[in-house]
Amino acid sequence: MILSFLLRVATHPKDLHVLREILNIFGHASRLFTNLDKCVATSIQCIGAHLDHIQSVLQCKIVEFMYRYLGIPLHLQTEE
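Heads up: the sequence shown begins at 1 in this note's numbering, then just goes up one per residue.
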């Protein structure tokens with residue numbers, strides 16, 4: 001959950017490198033490492049170049065917003 005918040009506030013491409021380093025420092029200090037192979041990044045109003053950069057820095061899978069979290073489907077609420 002914290003990682004998803006940090007990705008929302010990471011507005012500059014350099015911020016992703018800082019985020020990756022923070023995760024590494026936290027892992028070495030606590031021995032609790034983030035398994036980025038199990039992480040996904042979702043795009044909400046994001047262009048392809050940004051998604052490519054996120055994937056190259058964080059080495060995680062990029063998925064559309066509609067996905068499941070803890071077995072519960074998440075989606076954008078649309079007004080009818």
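Even for Gly, the Cβ is constructed at its ideal location relative to N, Cα and C.
Return the CA-CA distance between residue i and residue j, expressed in angstroms with no decimal places.
i	j	result
residue 45	residue 51	11 Å
residue 36	residue 21	13 Å
residue 18	residue 26	12 Å
residue 29	residue 73	34 Å
residue 24	residue 49	25 Å
Leaving out five residues before and five after residue i in sequence, what residues of the same chain have Cβ atoms less than 7 Å from its Cβ?
i	result
residue 47	none
Who does residue i pair with in a DSSP beta bridge?
i	result
residue 41	62
Leaving out the 5 sequence neighbours to the left and right, which residues in its chain are closer than 8 Å to residue i when beta-carbon positions are compared?
i	result
residue 41	7, 51, 54, 55, 58, 60, 61, 62 and 63
Using only alpha-carbon positions, find the residue among the options that is nearest to residue i.
i	options	result
residue 38	74, 69 and 29	69
If I measure Cβ to Cβ from residue i and keep anything under 6 Å in the same chain, skipping five residues before and after, which residues do I get?
i	result
residue 31	none
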